[in-house]
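A.B. asks: Under the working numbering, the sequence shown is numbered contiguously, ending at residue 444. Cβ atoms here follow ideal geometry from the backbone N, Cα and C, with glycine treated the same way. This is the structure I want to talk about, given as structure tokens.
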Amino acid sequence: MQQMASGTMPSGKSSTLTPIALIGTQSMVLVARPDLGFKSVGDLIAYSKANPGKLALATSGPGTSLFLAGLMFEKSAGIETLRVPYKSAPQIINDLIGKNVDVAVLALPSALTYIQNGQLIALATTDAQRTSITPDLPSLSEYPDFQKFDTKVWYALQGPPGLPSSIAEVVGNAVRDMQKDPQFMARMESLAVVPAKYGTADEFVQLKSAQYAAFRNALGLNK
Numbered sequence: 222m223q224q225m226a227s228g229t230m231p232s233g234k235s236s237t238l239t240p241i242a243l244i245g246t247q248s249m250v251l252v253a254r255p256d257l258g259f260k261s262v263g264d265l266i267a268y269s270k271a272n273p274g275k276l277a278l279a280t281s282g283p284g285t286s287l288f289l290a291g292l293m294f295e296k297s298a299g300i301e302t303l304r305v306p307y308k309s310a311p312q313i314i315n316d317l318i319g320k321n322v323d324v325a326v327l328a329l330p331s332a333l334t335y336i337q338n339g340q341l342i343a344l345a346t347t348d349a350q351r352t353s354i355t356p357d358l359p360s361l362s363e364y365p366d367f368q369k370f371d372t373k374v375w376y377a378l379q380g381p382p383g384l385p386s387s388i389a390e391v392v393g394n395a396v397r398d399m400q401k402d403p404q405f406m407a408r409m410e411s412l413a414v415v416p417a418k419y420g421t422a423d424e425f426v427q428l429k430s431a432q433y434a435a436f437r438n439a440l441g442l443n444k
């Protein structure tokens, strides 16, 4: 994804790697420091528009899913933030709790404990629908400015360039068999990973293409 941030992002239709199987997807969540008093996405946007460039948005670094989701939010909301890059989610969470930054987009599982104990305020998830883990938390797509907002972390299996289709098929079938195992599915659920519907290479390519198209639009690369 580093290519996306540098302006040379692929369309998602081709890759040097061979797609094998989509395993599942995981929601991201927009969170804020409690002391800022934000009760909704609207509160955050209103504050940021009244204080352009002041709201410190922690990111995991250019090119990552979390960075791009934050950028998409910023562009869709029509706001300007102060982006602060970090190397890891724990560092972001520590600095949110320590009041060194204001808001962030994080993978839902990494933020969930801190949301539940009140150390972070969850404002919205990033997929098109609410998640089963946080059913009372709205998705960004429920807000007028974000009706087409749908981005998530995806987990997939890819092989080396030029991997023979016969091998890719065998490995893909093994992954799909694994997804039928109750213990594996229970582990997926504990990590807030939504299993792929079909688990095929085509499903993965379609998802990746849609995500890349959304990121390209947010970066203004489709103009």
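Just checking my contact of residue 410 with residue 418 at CB under 8 Å: how many whole Å lie between their CB atoms?
C.D. replies: Within the sequence shown, residue 410 is the residue found at index 189, counting from 1. Within the sequence shown, residue 418 is the residue found at index 197, counting from 1. In fact, because the Cβ distance is near 16 Å, the residues do not count as touching under 8 Å.
A.B. asks: With burial defined as no fewer than 16 other Cβ atoms inside 10 Å of the residue's Cβ, what is the status of residue 398: buried or exposed?
C.D. replies: Residue numbering aside, residue 398 sits at position 177 when the sequence shown is read from its first letter. By the neighbour-count rule (16 or more Cβ atoms within 10 Å), residue 398 is not buried but exposed.
A.B. asks: Do you know how far the Cα of residue 290 is from the Cα of residue 375?
C.D. replies: Position 154 of the sequence shown, counted from the start, is the residue given in the question as residue 375. Position 69 of the sequence shown, counted from the start, is the residue given in the question as residue 290. Each residue's Cα considered, the two are about 13 Å apart.
A.B. asks: Using only the alpha-carbon positions, how far apart do residue 395 and residue 413 sit?
C.D. replies: As a position in the sequence shown, residue 395 is number 174, starting the count at 1. As a position in the sequence shown, residue 413 is number 192, starting the count at 1. Going by the C-alpha atoms only, they are around 22 Å apart.
A.B. asks: Quick check: the Cα distance between residue 344 and residue 310, rounded to an integer number of angstroms?
C.D. replies: For this step, residue 344 is matched to residue 123 along the sequence shown. For this step, residue 310 is matched to residue 89 along the sequence shown. For residue 344 and residue 310, the distance between alpha carbons rounds to 18 Å.
A.B. asks: Rank 254, 433, 429 and 262 by C-alpha distance to the C-alpha of residue 316 and give the top, closest one.
C.D. replies: The count along the sequence shown starts at 1 and reaches residue 316 at position 95. Among 254, 433, 429 and 262, the Cα nearest to that of residue 316 is on 254.
A.B. asks: With residue 291 as the anchor, note down where its beta strand (DSSP E) starts and where it stops.
C.D. replies: Working through the sequence shown from its first residue, we reach residue 291 at position 70. Segment 286-298 is the alpha helix (DSSP H) holding residue 291; no beta strand (DSSP E) there.
A.B. asks: When we look at the beta-carbon of residue 407 and count the other beta-carbons within 10 Å, is it buried (16 or more) or exposed?
C.D. replies: Position 186 of the sequence shown, counting from 1, holds the residue named residue 407. It is exposed - the Cβ of residue 407 has fewer than 16 other Cβ atoms within 10 Å.
A.B. asks: At the level of alpha carbons, what is the spacing between residue 298 and residue 405?
C.D. replies: Numbered from 1 along the sequence shown, position 77 holds the residue referred to as residue 298. Numbered from 1 along the sequence shown, position 184 holds the residue referred to as residue 405. Between residue 298 and residue 405, the C-alpha separation is close to 38 Å.
A.B. asks: To the nearest angstrom, how far is the alpha carbon of residue 292 from that of residue 341?
C.D. replies: In the sequence shown, the residue the question calls residue 292 occupies position 71. In the sequence shown, the residue the question calls residue 341 occupies position 120. About 20 Å.
A.B. asks: DSSP puts residue 342 in a beta bridge; with which residues?
C.D. replies: What you label residue 342 is simply residue 121 of the sequence shown in a count that begins at 1. Its beta-bridge partners are 253.
A.B. asks: What is the residue span of the alpha helix (DSSP H) that residue 266 lies within?
C.D. replies: Locating residue 266 in the sequence shown gives position 45, where the first residue counts as 1. Per DSSP, residue 266 belongs to the alpha helix (DSSP H) from 262-271.
A.B. asks: Mapping the DSSP letters down to three states, classify residue 231 as helix, strand or coil.
C.D. replies: Within the sequence shown, the letter at position 10 stands for residue 231. Confidence at residue 231 is low in this model, with a pLDDT of 46, below 50, so its placement is unreliable and the value that follows should be read with caution. Three-state DSSP puts residue 231 in coil, outside helix and strand.
A.B. asks: Nearest to residue 350 by alpha carbon, out of 240, 243, 250 and 333?
C.D. replies: Locating residue 350 in the sequence shown gives position 129, where the first residue counts as 1. Measuring from the Cα of residue 350, the nearest candidate turns out to be 250.
A.B. asks: What residues in its chain sit with their C-beta under 8 Å from that of residue 383, if we drop five residues either side in the sequence?
C.D. replies: Walking along the sequence shown from the start, residue 383 turns up at place 162. Result list for residue 383: 239, in chain order.
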